[in-house]
Structures are given as C-alpha cells and as structure tokens.
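One structure is given here, and the rest of the page talks about it.
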Amino acid sequence: MPTKFSRRTFLKAAGALTAGVAAVTTVPKKYLSWAEEAAQKDMKQIPTFCELCFWNCGLIAKVENNKVVKIDGNPLSLRGRGRLCGRGNAALGALYDPDRLKFPLINVGKRGEPVWKRATWEEALNLITEKMNLIKGKYGAESLALFSHGTGGAFWKHLLKSYGCSNYTAPSFAQCRGPRDMGFYLTYGSDVGSPEYYDFSKSRYIVLLGSHLGENVHNSQVQDITKGLADGAQLTVVDPRLSNIASKADRWLPIKPATDMALLLAWIRIIIEEGLYDKEYIEKYASGFDELRTAVQQYTPQWAETETTIPSDTIVKVAREMGKNAPHVCVGAGRYAVWYGDDTQRSRAIAILNALLGSWGREGGYFFPAKGGVPEYPGLPAYPPHEDVPKLDVAYPFAALQTTTSIKHASITGLPHPIKGWFIYGCNLMKTMPDKQETIKALQNLELVVAIDVLPADIIAWADVVLPECTYMERYDNINVGKFKDLEISLRQPTVEPLWESKPSWWITKELGGKLGLSAYFPWKDGEEYLSKRCEAGGIDFATLKKNGVIVKTDKSAPYITADNQPEFGTPSGKIELYSKQLEEKGFDPVPKYTKHPQPPAGHFRLLFGRASLHTFSRTTNNFMLADLQKENALWVNEKKGKELGLKNGEYVTLVNQDGVMAPGRIKVKLTQRMRDDAVYMYHGFGVHAKGLTRANNQGIADDDLITKYVIDPIMGGTAMRGNFVKIVKGA
Ligand SMILES: Nc1nc2c(c(=O)[nH]1)N[C@H]1C(S)=C(S)[C@@H](COP(=O)(O)OP(=O)(O)OC[C@H]3O[C@@H](n4cnc5c(=O)[nH]c(N)nc54)[C@H](O)[C@@H]3O)O[C@H]1N2
Ligand SMILES: Nc1nc2c(c(=O)[nH]1)N[C@H]1C(S)=C(S)[C@@H](COP(=O)(O)OP(=O)(O)OC[C@H]3O[C@@H](n4cnc5c(=O)[nH]c(N)nc54)[C@H](O)[C@@H]3O)O[C@H]1N2
Ligand code: SF4
Ligand SMILES: [Mo]
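Position 611, counted from 1, in the sequence shown is what our numbering calls 1572; the numbers after and before it change by one each time, with no gaps.
As structure tokens, then:
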C-alpha cells in the first residue's frame, strides 16, 4: 500500500526544507510552498521510477485525490540520489498530456495514410491474435519480430518467446550502443554496463570523446563527474563542438569529425613508446602487447595532426597527462557509438587505451559492479524450441543482439527467411532507424504491424493496430536492477489509475497470451502479484520495496582489483585481448586500424546531431512542461563561416542533403564560435510529423529526415549515421 502522507513523515523526508516550511506559517496562504500545503492536505506519497529516459531514476509522487500534484527525487535511488533532471521533473507533462493515446485503434485505411477506427481491447487483441496465427501458419512463428525500448518491453519479449519467436531487436543496440558494447566485450569479455561502470567521482583524469555529458543527462553520472572535477580531476573533451562539458574542461580538442581513431591510435603509440603504460598490469592481465606495439608504429603524433587537425604537441601532452595520472584515469566509452562504420574498432581502441593505463578495475577508472539480480517468475514452463530457420544476423558475427538492420532487410527481401509481422514497443522507428524510405518499404511488406505506445508518435501512422499503454506513472512494470558498486533494485508501481482506456503491458500481454493459448506462461493474477512472487523468489522484501521504491543490497566484494579480488575476463584467452584472435578468425583487423572516411564535398557541411538536455529524443518534445522551455531545435553553424554565407542569427533555413533530399520544415540558425566550420549540429527528436502531437508537430527539422545514407559496421551490424552532408538553403 502507498505510504499515507502525514505531516510528520513528510517533514522527516523533506529534511532541508523543514526550516523553511516552519518559517512560512505566518505568510499568506498563497505563498505557502506546495510542501506545506501537501502536509496540510494529508497527501499520499508513492515511490516509483522515471521512464523519461533509460536511466530510470527513483522518484516519489505526491498524490492528492487520485491526481499527481508534484514529484520529487527518491533519495534512496542510486540513479538519481534524490534528484531528477529537467526531463524527469516533467512527469506531469507526460501523464497529463491531452494528446496521449486513449483507446485501442484499428487502421481501416492504408499504412502511412491511416483511417482510425476506435476499437475495444477485445476487438484489437482479437485482430492481432487472428493475424499472428495466420502468419505463424504460413511462415512460422520466427517470422514475427519485436522492436523494443523501455522497461515494459520485457513483457512483450516474454510473449513472443512463449509463442516461439526469438526475434528481439532494439534501435538502442544497432543505432546506439551496440558497437561500444561489442568493442569492450571483445577486449575484456564484458561490456561497460548501463549505467556505465565509470568511477568518475574518484578519477584524477577524464577523457571524453564525443560524449556530451550534461546535455546527455545520465543523472548520477553527471553528479559523479561534477564531484570528480570539484575534487580536482582534469578533463579533456574531444568534440568538434564546444559542448557544455567541453566548456568545463581543461582541454577542448575540436577534432575534425570522423578522425577520432587517428587520435586514439596515436595516444596508444605514445603511451607505449614513452613507457607510460602500466607494465605490471599489462604483463599480468593482457595478451597481444607486442603485436599491438608493432601495429601502431605507423600512427605518429605528426601523422595524427594531419588527420585530426589537433596539434601534435597537444596530442603528446594529453597522452603524458593520462600516463601521469594512471591508473586513476577514465577514458569514457561513450554511449551513442554508431558514428562512421568502424565503430566497434574505435570502441576497441578506447578499451585498449584504458587497458594500457590499467584503469579497468581501478579506482577512478572503471569499477567492478555488484553482482546479482532478481529471478524470473518461478515455475514458468520452458519456452518452446526455436524453429529451424536460418539465422538473421550471420552477416555480422559479433551482433550480440539481433540487429534492426537485418530484421528490416529480411522484411524487404524475405532473406534469409521472411519477417512478416512487427511489434513495436516504445520505439519511434520512423525517427530512429536510418533511411526512412527503406523503413517504409519494409513496413509495406508486412502482414501485421502493432504499435504499443503512449503517444501518437510518427511511427503510429504505420501501424495496423495501436495499443495505448498507460504511462510509467500509472503502472506496475518489470523490476529494475541497477549494477552500481552496490546492487539497486527498484519498483515501478501505479501512482494513479490509468487514464482513459490505457493499460499496462503486464495486462495487455496476459490477455493476448490467453487468446493465443499461452495462459500457462502468464499465471500471475496481476502486476503486483507478478512482482511480489519474483521478489519472494529472490529473497527481497516486497513490502519494503513498495514502501521505499528502492532496495539497495551492499556488495562486499571490492569494486577494484585487490590481492583477494582478482579480475576475470570473459574472453577466450581469459585475458584482456589487445590483439583479438576472435576478430582475426572472422576476417577482421585484430588490432584497430585507421580508415579514412569521406569528408563533406564543397559547399556542404557534415550533419552532426545529439541530445537536448531538456528532451529525450522524440519522447518528450510534445511534453507541455518541456515544450514550454524548448519547443524547437536550432542549427549550430560556425559564426565566421555562417557570416560568409550571409546567414543571420535566428533566421530560418532549410537543409538539403547529398542525395538531394530536402528536410520538410525549417530550422533557426544559431551562429556560434562553439562549432567547427566543416560541420553543423542539431538536437535529435524535433521535426515531428505526427499531427496528433499538437505541440511538437512541425517544430524545427529532423536529423532523421536527412539521414538517407548509413554505413554498416561489419562486425556487429550497427548503422553509422554521421556520414551525411548537408547544404544550407536560405529563405525557408
Ligand atoms: N537529455 C538527454 N539525455 C540523454 C538522451 C536524450 O535523448 N536526452 N539520450 C540518451 C541516450 S539513448 C544516449 S545513447 C546518450 C547519447 O549520449 P552521448 O554518447 O554523449 O552522445 P553522442 O551523440 O555520441 O554525442 C554527441 C556529441 O558528439 C559530438 N560529435 C559528433 N561527431 C563527432 C566526432 O566525429 N568525434 C567526436 N569526438 N565527437 C563528435 C557532437 O558534437 C556532440 O557533442 O544520451 C543519453 N542521454
Ligand atoms: N536520426 C537519429 N536516429 C537515432 C538517434 C539519433 O540521435 N538520431 N539516436 C539513437 C539512439 S541513441 C537510440 S537509443 C535510439 C532510440 O530509438 P527508439 O528505440 O526508437 O526509442 P525512442 O526514440 O526512445 O522511442 C520513443 C517512442 O517511445 C514511446 N514511449 C515513451 N514512453 C513510453 C512508454 O512508457 N510505453 C510505451 N509503450 N511507449 C513509450 C514514445 O511515445 C515514442 O514513440 O534511436 C537511435 N536513432
Ligand atoms: S535522467 Fe532524468 S529523464 Fe532520465 S530517468 Fe533520470 S530523471 Fe528521468
Ligand atoms: Mo541511445
């Protein structure tokens, strides 16, 4: 049961606020803080966690008469530590968005030109069941696929696996962190985690390539880097743009886009040749040092200067600074990693650099996370065996997760086996997979498209059936496990009843499972029972979890390497593989090599994009609390170059790319010295086309409208999207 909100418990929880609250009793009521009013009105406070991005910070909802009136960070949450970012604070804007999907919808028109019929849940789920069974009969269960982003996707994965389908994919892999994860995995036998295992708060030296922390808001990670910097850590940021974090750095290296590999390889060479690497560590834990040393000989600082435009003496200085501070150095792995097509190898170069500095498993570098988790629901039947069909991702030998790329191609070509139905959970594929025309071609080839969403986003127009999920503030959901130095278990629970006819995924999948004859896989009575049984099986006190929202289990094993805490590397050799035989066996470079990538033709700029601190992709651009603060994106253009082109600050322009594709809409020019002159930059998530999103519609330009070209990372199938070039067109 939610904790009853009493004045006494509130004042205890509010801590620092107490004095202020006590002092305001003599001022007129209209000036009373919400907190004082809340205490007087005897509100409930219900802990849950945020879904406005994947960081999933713990929050506490203050609820009055079945209405959420305020939210705060949950101090117990390791992800937020009592704080919420600007987006997280806008929960009410997500929950009470009048544009939300309200009822199940069936498209009686065409895909892309929908005519919506309001349906009952029974009608919508019956139609899906009928189509699924038809597809299974004709092509087999493996011709369905799930695209998923977000906590509730776990229920959909369970449904499809129970049905005999193993195609589970996510743009957050092949269009985001896949190459990073595989680059580290191939080197250390484990990835860097999510949340990442950065020990920033203890670092003496931090290097970020691209990662624009602060605009990319990973709540506790931003707090950690802030603490590290306050305690004297030095920071070098490599970015063609002076990002917010670059403005806080000791060194900003405005690199020529697409040349980071040259810089990394030169750093590796200097650190080896000047003997700055951790010899004992490398001797003990790594293999392939001699081969690495030979392979990087060609990458001199002078050569790297010609590629990157960063002066060679700066390159040398930074390498020496890293060496001097080793092992308390963290060269960040980044997160959005699909840049130029050799991204797994770039991530491997970052992994190798960290290994030379001895920072993996060391204070101020990368810590070893707590172990453990929460067991699955006890006593479920085994999933049916996979059908004997050719694997989709054979072309990409190190695709740990099925790639969207191969699902898309199999949907178009039917090869290596046909994909005929898509379930799209919390993904806005029209904006997040490159080459829209190709995506449309795939969608047109399908026999069933189901979208499970909270908003009428751009992808919705392409669905046959739309299922309105209730928002994260209204539902039980999957358990969330966070691997920090301690283990964090957090609970999502409803703070209010679902609005309109929206429903949680545990309910939708259970109903659909029943219709498909899979009831045995969905034995739980409801979301609460599902969660409580899992907690019980894991020895977690569910009542405490409900009351506090978060349970932290301390992990006694040290987060760093010590004499009694020796690392285990899950690579074939059991060592850190500086030279990768696994890659060599599959025909890839065993040590990363430099590849020249195309640079923009005359009159063009490279199109770069990234995160808006106040928005998460297109998830929040319609949120009324956030749209009030930032409604549209801007085009960052180098001031000098912009003036040469006759551009004025604030004027609207449009963009046309190398394939002659003009972005619909217009974008405001922001002339700035914070941008190199060979690239332009914009926030992703804007330029929404869905008319049902009344605030976001037609505001700014979408990077995704201009990403017609992409390069596939041959190692893991990621789609590099930063190889598109644009011309600025005046008079929009
Ligand atoms: N507020 C907010 N925070 C978010 C998100 C969000 O939508 N909103 N999304 C989350 C997600 S899913 C992810 S993956 C992360 C992404 O966060 P990051 O991994 O930090 O993102 P990137 O898109 O790689 O970084 C963008 C930066 O890379 C720079 N850049 C562009 N090209 C190059 C280049 O060739 N070399 C170098 N060195 N730099 C370059 C850009 O100028 C920009 O500053 O953010 C997460 N956090
Ligand atoms: N052009 C371009 N493409 C990109 C990127 C880019 O910067 N530019 N970034 C890449 C990155 S880093 C990533 S991680 C991927 C992310 O790409 P996707 O996996 O597609 O994820 P989002 O963009 O977060 O998906 C947003 C959708 O989730 C819906 N949604 C929000 N909350 C809920 C909920 O509680 N339940 C349900 N069912 N739906 C919900 C929103 O309404 C929206 O339709 O995109 C990648 N693709
Ligand atoms: S970082 Fe912000 S948006 Fe993301 S989960 Fe935390 S509070 Fe929510
Ligand atoms: Mo991402």
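Every residue, glycine too, gets a C-beta built ideally from N, C-alpha and C.
Listed in chain order, the alpha helix (DSSP H) runs fully inside the segment 1061–1113 are 1082–1100, counting runs of at least 4 residues. Note on geometry: alpha-carbon atoms of aspartate 1447 and histidine 1173 lie some 26 Å from one another.
Cysteine 1137 carries a helical assignment under DSSP once its states are collapsed to helix, strand and coil.
For leucine 1174, the shortest separation between its Cβ and any heavy atom of ligand 1 lies below 7 Å. If you ignore the 5 residues before and after alanine 1256, its C-beta comes within less than 6 Å of the C-beta of Val1552, all in its own chain and listed in chain order. Around the Cβ of glutamine 1258, a 10 Å sphere holds fewer than 16 other Cβ atoms; the residue is exposed. Relative to leucine 1196, the option among Thr1220, Phe1161, Ile1469, Met1004 whose CA is nearest is Phe1161. DSSP places glutamine 1543 within a helical segment (H, G or I) once states are collapsed to three. Taken from the Cβ of cysteine 1388, every heavy atom of ligand 4 lies 7 Å or farther away.
Rounded to whole angstroms, isoleucine 1380 and proline 1132 show a C-alpha spacing of 17 Å.
For cysteine 1018, the secondary structure class from DSSP, reduced to helix, strand or coil, is coil. Per DSSP, the unbroken beta strand (DSSP E) holding asparagine 1441 starts and ends at 1441–1444. Taken in chain order, the whole alpha helix (DSSP H) runs of length 4 or more contained in the segment 1167–1232 are 1180–1191. Contact between leucine 1147 and leucine 1587 does not hold, since their C-beta atoms are separated by about 38 Å, which reaches or exceeds 8 Å.
Between alanine 1223 and glutamate 1252, the C-beta spacing is not below 8 Å.
For the pair of segments examined, the segment 1232–1241 was found not to touch the segment 1197–1213: the number of CB pairs separated by less than 8 Å stays below three. The residues Ile1628, Val1630, Val1641, Met1643, in chain order, have a CB closer than 6 Å to that of leucine 1596 in the same chain once the five nearest residues on each side in sequence are set aside. Under DSSP, aspartate 1414 takes part in a beta bridge, and its partners are Pro1429. In this structure, valine 1029 has its CB at a distance of at least 7 Å from all heavy atoms of ligand 3. Excluding residues up to 5 positions away in sequence, Ser1162 lie with their Cβ nearer than 7 Å to the Cβ of lysine 1188 in the same chain. In the DSSP assignment, proline 1008 falls within the unbroken beta strand (DSSP E) covering 1005–1010.
The C-beta separation of leucine 1632 from valine 1672 comes to about 30 Å, leaving the pair out of contact by the 8 Å criterion. Three or more pairs of CB atoms, one per stretch, sit closer than 8 Å, so the segment 1298–1311 contacts the segment 1553–1563.
In summary, asparagine 1027 is exposed, with fewer than 16 beta-carbon neighbours lying within 10 Å of its beta-carbon over all protein chains present. By the Cβ test, the segment 1439–1457 is in contact with the segment 1506–1524, since at least three Cβ pairs between them sit closer than 8 Å. In this structure phenylalanine 1530 is in contact with glycine 1150, their Cβ atoms being roughly 4 Å apart against a cut-off of 8 Å. Cβ neighbours of proline 1484 within its own chain (closer than 8 Å, five residues either side excluded): Tyr1338, Gly1340, Leu1341. In this structure, leucine 1013 places its C-beta atom within 8 Å of the C-beta atom of threonine 1577.
Per DSSP, phenylalanine 1585 lies in no beta strand (DSSP E); the unbroken alpha helix (DSSP H) holding it starts and ends at 1585–1588. Of all alpha-carbon atoms in Asn1087, Gly1375, Pro1008, Glu1025, the one lying nearest the alpha-carbon of leucine 1477 is that of Asn1087. Spatial neighbours of lysine 1023 in its own chain (CB-CB distance under 6 Å, excluding positions within 5 residues in sequence) are listed in chain order as Ala999, Met1004, Gln1006, Val1030, Lys1031.
Aspartate 1639 and glycine 1326 have their alpha carbons spaced roughly 33 Å apart. DSSP places phenylalanine 1566 in the uninterrupted beta strand (DSSP E) bounded by 1566–1571. If you compare the alpha carbons of Leu1667, Lys1097, Gly1648 with that of alanine 1418, the shortest gap goes to Gly1648. Counting along the chain, the unbroken alpha helix (DSSP H) around alanine 1316 starts and ends at 1304–1317. When Cys1388, His1370, His1378, Val1426 are compared, the shortest CA-CA separation from lysine 1402 is found for His1370.
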